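Numbering (the numbering used here), first residue to last: 108 to 247.
For glycine and all other residues, C-beta sits at the position ideal for the given N, C-alpha and C.
Since the model is a prediction, treat every value here as computed from it, not as a measurement.
Take a look at the structure:
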């Protein structure tokens, strides 16, 4: 049996899919970016007059992604510490990995934190003008 999970606080999905899906004792989150609900705002992104990204702050985007993941899990009744696996998509691994990795460790590693397995890959772009996206699996 599966149940769709839709959060009223997390950013709206950019496609025809739920924020998460509960399958037995597992919770699978759809790819989560740093956008803000109800707006087109992306933390840390600077656009030019034509709407093209001219700069971004990977730290601001990373923290926003972490909070969006936490929000979806909370709204599903699942603790952040229940995360067991994370896949990270970065658009510029050479430039952003060190900062992302430091912030990830602050949020995901250590006592009382999930300390999940993780895979990090570089992609040449994501569906919206973001630099980071997380795919998360947690125990439900």
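Under the three-state DSSP convention, the category residue i falls into
i, result
"residue 127", "strand"
"residue 213", "helix"
"residue 50", "With the chain running from 108 to 247 in the structure shown, residue 50 is simply not present."
Element boundaries [alpha helix (DSSP H), containing residue i]
i, result
"residue 233", "That residue, residue 233, is in no alpha helix (DSSP H); it is neither H nor E in DSSP."
"residue 178", "165–182"
Nearest to residue i (by Cα), restricted to the options the options
i, options, result
"residue 225", "165, 151, 196", "196"
"residue 237", "190, 124, 151, 216", "151"
"residue 193", "109, 240, 145", "240"
"residue 127", "118, 113, 121, 140", "113"
Whole-angstrom distance between residue j and residue i, CA atom to CA atom
i, j, result
"residue 245", "residue 169", "19 Å"
"residue 133", "residue 157", "42 Å"
"residue 233", "residue 188", "27 Å"
"residue 212", "residue 159", "31 Å"
"residue 175", "residue 190", "14 Å"
"residue 223", "residue 242", "12 Å"
"residue 183", "residue 125", "12 Å"
"residue 163", "residue 220", "28 Å"
Enclosing beta strand (DSSP E) for residue i [first to last residue]
i, result
"residue 244", "239–246"
"residue 225", "224–229"
(message) My parser needs the beta strand (DSSP E) runs of 3 or more residues fully inside the stretch 134–162; what are they?
(response) 152–154
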